[in-house]
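J.: My questions will all concern the structure given below.
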Amino acid sequence: MLSHLKGSLWPTLETPFRGVEVARCGWGAPEALRGLPPDDVPGIWLCNSETGGLPAVVQRFFLQKGEVRSVSWEGRTVGACYEDAYAEYVLLMGVVPSDLGADRVTQTASAFANLEGALESVGFSFHDVVRTWFYLDHLLEWYDDFNRGRDAFFESRGVFGGFVPASTGIGCANVLGAALMAGAIAMRPKPGAQASRAMLESPLQCSALDYRSSFSRAAEITTPEGRLVFVSGTASIEPGGATAHVGDPVKQIDLTMKVVSAILDTRRMDFRDVTRAIAYIKRPEDRPLWQAWLSAHGLPPDFAQEVIADVCRDDLLFEIELDAVTRF
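Going by my numbering, the sequence shown wraps up at 1161, each residue one higher than the last.
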């Protein structure tokens, strides 16, 4: 069933779509996001003052068949449960700390506790998590603090000894004013069912764990229906972990896409199998360079949602995350 989860981009929420809506993600200038409907489905609502002229857009996720059960935590709808013949899934979106006035370190610990609490409220644990998203307000000021908080949580829960989720960490404010907003997807095989997950390596990079950034380069869910690959937020990082092509956005984009292509190739996939992608571009003036890369490689201009946002290092100018599906 997870392979039937589709993302669609619409300028408004009124556009009809067949299926059951699971979640929403919105990006835009703060004033453009005001007046959106209440969170009747879980959502991540992000806002930056610098949008590069991009209009406010909403990415909506639909389950083409099946039923969805809402997940509530601390009075908010923050997730959805659904299943297929082989596994049960939880998608969490828009999880925030309990005290939005606390310091960033405290908010980080609280966000992880709330992710775990929301999962446990529907019978899952953090050990079932396959992929995470973290959007940090003013990320470049405190990304190291966030990483230390994530490391501490992972250590306390024994995550490093098991499955380390794929992840994205991006600099972007949110409409609630929290220091960070989080999301996750978890999978639990049904008894006796053929469903599994695996952490994937990046052939052109070292493991992010080698430089104490606690995520897998990619993760994969496999069932008899097919394979679903989550590629983590990926940027221009050389095999030793340092930033490659500092100051050169063209080369950073090209290397990033070569890295992603190499990950997909290990799963006998390519860019034609991509079902969802988000390109995070640090500087608005670099958007034409990304579009030029797409054109040169035969990919459509809307291959990825474009978001103007800070990447986790000041010298990284471009990052992309994506999902890809192949059917057996």
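We put the beta carbon where it would ideally sit given N, CA and C, even for glycine.
#1: Would you kindly report the start and end of the unbroken beta strand (DSSP E) that includes valine 924?
#2: Quickly, what does DSSP pair proline 1022 with across the bridge? List them, please.
#3: Quick one: what's arginine 1101 bridged to in DSSP?
#4: Whose CA, out of Ile1153, Leu879, Trp906 and Ala862, lies closest to the CA of glycine 950?
#5: When the distance is taken between beta carbons, is proline 998 closer than 9 Å to glycine 927?
#6: Take the Cβ of aspartate 977 as the centre, count every other Cβ of all protein chains shown within 10 Å, and call the residue buried at 16 or more, exposed below.
#7: Can you look up glutamate 1118 in the DSSP assignment and give me helix, strand or coil?
#8: Should the stretch 999–1011 be called in touch with the stretch 967–977, which here means at least 3 C-beta pairs below 8 Å?
#9: Using a Cβ distance threshold of 8 Å, determine whether the stretch 1050–1065 contacts the stretch 1079–1090, with at least three qualifying pairs required.
#10: Report buried or exposed for glutamine 940, applying the criterion of at least 16 other Cβ atoms within 10 angstroms of its Cβ.
#11: Go ahead and pull the three-state DSSP assignment for glycine 991.
#12: Where DSSP assigns a beta bridge to valine 853, which residues make up the other side?
#13: Report buried or exposed for lysine 1115, applying the criterion of at least 16 other Cβ atoms within 10 angstroms of its Cβ.
#14: Keeping to the same chain, check which residues put their C-beta closer than 7 Å to that of lysine 1091; ignore five residues upstream and five downstream.
#15: When the Cα of cysteine 914 is compared with those of Gly982, Asp932, Gly852 and Ile1018, which residue comes out closest?
#16: Nearest CA to the CA of glycine 956: which residue from Gly1016, Gln892 and Arg1021?
#17: Between leucine 1155 and the rest of its own chain, which residues show a CB-CB distance below 6 Å, the 5 nearest in sequence each way excluded?
#18: Thinking valine 992 and phenylalanine 945 are a contact (beta carbons under 8 Å), I'd like their distance in whole angstroms, please.
#19: Give the DSSP bridge partners of aspartate 1156, in chain order.
#20: Using CA coordinates, which residue listed in Asp1119, Ala1157, Val1158 and Ala1125 is at the minimum distance from isoleucine 1141?
#21: If aspartate 1143 and leucine 973 are in contact, beta carbons under 8 Å, what's the gap, nearest whole angstrom?
#22: Could you round the C-beta distance between leucine 925 and valine 855 to whole angstroms and report it? I think they count as a contact, below 8 Å.
#23: What is the DSSP secondary structure of threonine 901, counted as helix, strand or coil?
#24: So the alpha helix (DSSP H) phenylalanine 945 belongs to, where does it begin and stop?
#25: Can you tell which of Val853, Asn881 and Phe986 has its C-alpha closest to the C-alpha of tryptophan 860?
#26: If you draw a straight line from the C-alpha of valine 1158 to the C-alpha of alanine 862, how long is it?
#27: Measuring CA to CA, which of Ile877, Gly908, Arg909 and Glu883 is closest to proline 894?
#28: I'd like the list of long-range same chain contacts for alanine 1028, defined as Cβ closer than 6 Å, with 5 residues on each side in sequence excluded.
#29: According to the neighbour-count rule (16 or more other Cβ atoms, all chains shown, within 10 Å of its Cβ), is glycine 1066 buried or exposed?
#30: Determine the closest residue to valine 904 out of Leu948, Pro1133 and Leu879, with distance taken between C-alpha atoms.
#31: Suppose you measure from the CA of tryptophan 975 to the CA of glycine 1025; what does that come to, to the nearest Å?
#32: Hey, how far is the Cα of phenylalanine 1161 from the Cα of isoleucine 1153?
T.: Walking through what the data contain:
#1: Rather than valine, the amino acid found at residue 924 in this sequence is leucine. Segment 920–928, the beta strand (DSSP E) holding leucine 924.
#2: Ala920
#3: The partner list for arginine 1101 (beta bridge, DSSP) is empty, contrary to what the question assumes.
#4: Trp906
#5: no
#6: exposed
#7: helix
#8: yes
#9: no
#10: buried
#11: coil
#12: Leu896
#13: buried
#14: Leu1037
#15: Ile1018
#16: Arg1021
#17: Val1064, Val1107 and Ala1110
#18: No, valine 992 and phenylalanine 945 are not in contact; Cβ-Cβ is about 10 Å, not under 8 Å.
#19: Phe1063 and Arg1109
#20: Asp1119
#21: 6 Å
#22: Leucine 925 to valine 855, Cβ: 11 Å. No contact.
#23: Reading off the sequence shown, one finds valine at residue 901, where the question assumed threonine. Three-state DSSP puts valine 901 in coil, outside helix and strand.
#24: 937–953
#25: Asn881
#26: 32 Å
#27: One detail in the question is off: residue 894 reads as phenylalanine in this sequence, not proline. For phenylalanine 894, the nearest C-alpha among the options comes from Ile877.
#28: Tyr919, Ala920, Pro1022 and Thr1056
#29: buried
#30: Leu948
#31: 44 Å
#32: 26 Å
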